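I have placed the structure first, in the form of structure tokens, so that the comments after it can refer back to it.
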Amino acid sequence: MADKEVIIIGAGPSGICAGIQLQRLLGHKNVHFYERSKDMGGVWFNNTYPGCAVDIPAHFYSYSFALKPDWPKLFPVQTDLRDYFHNLAEEYDLLRRMTFNTECYGMSWDQARSLWTVKFRNTHDHSKTFEREAPIVICAIGKLDLPNIPDIKGRDTFGGAQWHSARWNHDVPLKGKNVVVLGNGASGTQFVPKISEYAGKVTQIVRSAHYIQERLNPHYSPSWQWCMKYIPGACRAYRWSWYIRMEKQFGAFWLTPNGERRRVDVAQETWDYIEKAAPEKYKEILRPDYLVGCRRRVHSNKYLECLHRENVELINDNVIEITNDTVITKSGRRIPADVIIYATGFRTQDWLWPMEIRGIDGVEMHELWEKRGNVQAYYGTAHDQFPNWFTLYGPNTGSGHNSVIYQTECQVNFLCRMLKPVLNGNAKSVVPKKEAQIALNERIQARLPKLTFSAGCTSWFIDKFGRNTYVWPNYTFMFWYETVRVKWNEVKVDYPKKTGYLGKHTTVLPNPTVIFGALLAGLYASGNLNSDAVSRAGEVLSKQLSQLSIAR
Ligand SMILES: Cc1cc2nc3c(=O)[nH]c(=O)nc-3n(C[C@H](O)[C@H](O)[C@H](O)COP(=O)(O)OP(=O)(O)OC[C@H]3O[C@@H](n4cnc5c(N)ncnc54)[C@H](O)[C@@H]3O)c2cc1C
Ligand SMILES: NC(=O)c1ccc[n+]([C@@H]2O[C@H](COP(=O)([O-])OP(=O)(O)OC[C@H]3O[C@@H](n4cnc5c(N)ncnc54)[C@H](OP(=O)(O)O)[C@@H]3O)[C@@H](O)[C@H]2O)c1
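To convert a position in the sequence shown, counted from 1, into the numbering used here, add 1384.
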């Protein structure tokens, strides 16, 4: 059934992975991508701020089926990542299957036709809309995609330039300018050391601290790259050595005495780094007061070191107002500004924005979540009441210590397994059972309080109900383990209705022995079992068998 179209919304790393694995695992090429941006690559296309780089060794922040022996360094920069994903899309002939500048804003399921009707609009002109129908939809719209810009009084009156870290304005040179930066998460920590090399003054306003880890970033020599390429198994072994090193960090997240001992070591690393590298006057501001793991750790590439520069000032305060040329803080500071840069994170709890998604009987996804009291999915991937509909990087699939790519690759492989009866068989749809999804989510939510992910800090992991919607509360190999096969008893596969006894649409072919036995039993029960009856039953059986071979 290669003609069943798969619509993939979002052409970032997860969407690309789905497009490739559908080909590799199921031989299915009929996919089409609809992407809001003007090009593919997701986060690695949209985030072009100076210093943007990956914080997981690229040998593991890459697909297991597309190893790259010649990564230039341990943590390559944004353009290297962007090119990696782009080259793969080209290799698998996905680029011509992409429509850009197109935002999905809703969809609905037609149970009778087993079809999704998906609504799109042009990103430049929302009045230009169109619809597409497809039996399968994969929603790969990411999680760190919608910039969060705080609603600060007077923000619109600012006379200078202002932008979010994920939508960098390269048209405005920062040389000699007064730049005010809000936020000190992974993004702010990466670009402040870069822009402070040429900006006139950089004032960074922060509200809380992060566990900062010193990041050494060795280059790989040509001989190392040669070994990775030509020594059989070397690249894969190196990749897995990183996986094991990172996976071990999960031990520090348990709220147990052993976890506590591990956390002390991690915290000490941060204290030592602050002690060694930060200016004395900022040490208090930089020390986090919550448990390790509550937020994802931040890697520093000379961030603490750059705070020594005379043109850099770190302020622990809150912005309460912006005027034409000044940023005003709660403590009364008035900071002159030519440019304001918001490194204030993403709208991570606006799940599936701006889509309205209607499944079986018109049930809407957000309303269902509201009713159930939390955002949830079946292994973050499938959704009860939403047949043939999948999310990647979905609820509770993330980790605080490992690669998102690993998790989404597990999800993609899982959805391919689920889709096999639909794409390689003649099933109409597949959907997880409600009881299975609810039980899984209860298990996830019951486990989270035993870990540090919700332990007393603000974090983009937490939703308005106070629940952690982001983290998979276990080692990531356990996510692989639980998704490496489909528990078919937890999933409903909808096959076409039989059109008649052994009709040509029959999907479950009856066993001939059973037919023969049933006929004999019927005859015996009716008292007509004799040699004539047996030979008549044989005739019926051979007729049915000939029909059966046609049906096959
Ligand atoms: C700066 C930055 C650095 C990061 N570094 C790391 C790292 O080092 N390690 C790590 O594990 N993770 C990292 N992450 C997390 C990162 O989000 C994931 O690793 C990865 O990008 C997830 O890929 P994705 O395809 O699911 O989402 P994305 O990369 O966000 O791609 C989603 C795509 O969907 C499109 N889209 C969104 N909504 C719609 C819509 N309605 N209609 C059509 N298209 C839509 C977007 O334009 C985007 O192209 C980083 C995130 C950021 C922001
Ligand atoms: N490869 C990488 O190294 C890399 C780079 C960038 C991003 N990422 C990923 O993307 C995620 C998001 O990173 P991010 O840095 O973009 O966002 P983030 O981690 O959510 O950090 C945003 C920061 O902005 C602060 N903030 C929010 N509103 C503010 C305001 N009004 N005034 C001052 N500060 C304000 C927050 O402070 P409070 O905490 O006090 O709210 C927080 O410290 C990361 O966790 C990581 O997973 C990775």
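For glycine and all other residues, C-beta sits at the position ideal for the given N, C-alpha and C. The model shown is predicted, which means the values in this text are computed figures rather than measured ones.
- Membership of Ala-1518 in the beta strand (DSSP E) is indicated by the continuous run 1513 to 1518.
- Taking a cut-off of 8 Å on C-beta distances, the stretch 1490 to 1502 touches the stretch 1514 to 1525, as three or more cross pairs fall below it.
- Residue burial is scored here from C-beta neighbours: Ile-1615 has fewer than 16 other C-beta atoms within 10 angstroms and is therefore classed as exposed.
- Ranking Val-1438, Arg-1620, Arg-1466 by CA distance to the CA of Lys-1457 puts Val-1438 first.
- When secondary structure is reduced to three states using DSSP, Met-1630 falls in the helix class.
- Assignment of Ser-1607 by DSSP, reduced to helix, strand and coil, places it in the helix class.
- Looking only at Arg-1679, Lys-1848, Tyr-1790, the smallest Cα-Cα distance to Tyr-1865 is reached by Tyr-1790.
- Residue range 1818 to 1831 is occupied by the alpha helix (DSSP H) that includes Ala-1823.
- Between Val-1556 and Gln-1588, the C-beta gap is not smaller than 8 Å, which leaves the two residues out of contact.
- Its chain contains Glu-1487, Tyr-1489, Lys-1512, Thr-1513 as the residues whose beta carbon lies nearer than 7 Å to that of Arg-1505, once the 5 sequence neighbours on both sides are disregarded; these appear in chain order.
- Using a Cβ distance threshold of 8 Å, Gly-1850 and Leu-1675 do not count as a contacting pair.
- Nearest neighbour of Gly-1746 by Cα position, chosen from Met-1630, Ala-1496, Glu-1668, turns out to be Ala-1496.
- Scanning its chain for C-beta atoms nearer than 7 Å, with the 5 sequence neighbours on each side dropped, one finds around Asp-1701 the residues Ile-1589, Thr-1713, Lys-1714, Ser-1715, Arg-1717, in chain order.
- As a beta-bridge residue in DSSP terms, Tyr-1726 pairs with His-1548, Leu-1566.
- Looking at the backbone, the Cα of Gly-1569 and that of Trp-1844 are separated by about 11 Å.
- Looking at the DSSP output, Gly-1490 sits in a beta bridge with Lys-1503, Glu-1740.
- Exclusion of the five residues before and after Glu-1598 leaves Tyr-1657, Ser-1684 as the residues of its chain whose Cβ lies within less than 7 Å of its Cβ.
- Assignment of alpha helix (DSSP H) within the stretch 1847 to 1881, counting only whole runs of 4 or more residues, yields 1860 to 1867 in chain order.
- Under the 10 Å beta carbon count, Leu-1807 is surrounded by 16 or more other beta carbons and is classified as buried.
- When the Cα atoms are used, Gly-1617 and His-1412 turn out to be separated by approximately 29 Å.
- Of the residues Leu-1803, Ile-1725, Cys-1794, the one whose Cα lies closest to the Cα of Leu-1558 is Ile-1725.
- In this structure, the beta-carbon distance from Val-1877 to Val-1814 falls below 8 Å.
- The count of Cβ pairs closer than 8 Å, one atom from the stretch 1416 to 1425 and one from the stretch 1389 to 1400, reaches three, so the stretches are in contact.
- A Cβ-Cβ separation of about 6 Å places Glu-1874 in contact with Pro-1816 under the 8 Å criterion.
- Nearest in C-alpha terms to Gly-1425, of all of Arg-1408, Ile-1440, Cys-1401, Gln-1405, is Cys-1401.
- Taking 8 Å as the upper bound for CB-CB distance, Glu-1705 and Ile-1536 are in contact here, some 7 Å apart.
- Here the alpha carbon of Trp-1737 sits roughly 41 Å from the alpha carbon of Arg-1693.
- Selection Arg-1679, Phe-1459, Arg-1516 evaluated against Asn-1852 yields Arg-1679 as nearest (Cα-Cα).
- Gln-1546 has its Cβ no nearer than 7 Å to any heavy atom of ligand 2.
- Looking at the DSSP output, Gln-1588 sits in a beta bridge with Val-1565, Leu-1698.
- Positions of the alpha helix (DSSP H) runs, each at least 4 residues long and wholly inside the stretch 1739 to 1776, are given as 1749 to 1756 in order along the chain.
- In the structure shown, the three-state DSSP call for Ala-1437 is strand.
- Per DSSP, the beta bridge partners of Val-1390 are Val-1415, Ile-1520.
- In this structure, ligand 1 has no non-hydrogen atom nearer than 7 Å to the beta-carbon of Leu-1409.
- Distances between the C-beta of Pro-1456 and the heavy atoms of ligand 1 are all 7 Å or more.
- If you draw a straight line from the Cα of Phe-1837 to the Cα of Pro-1880, it comes to about 45 Å.
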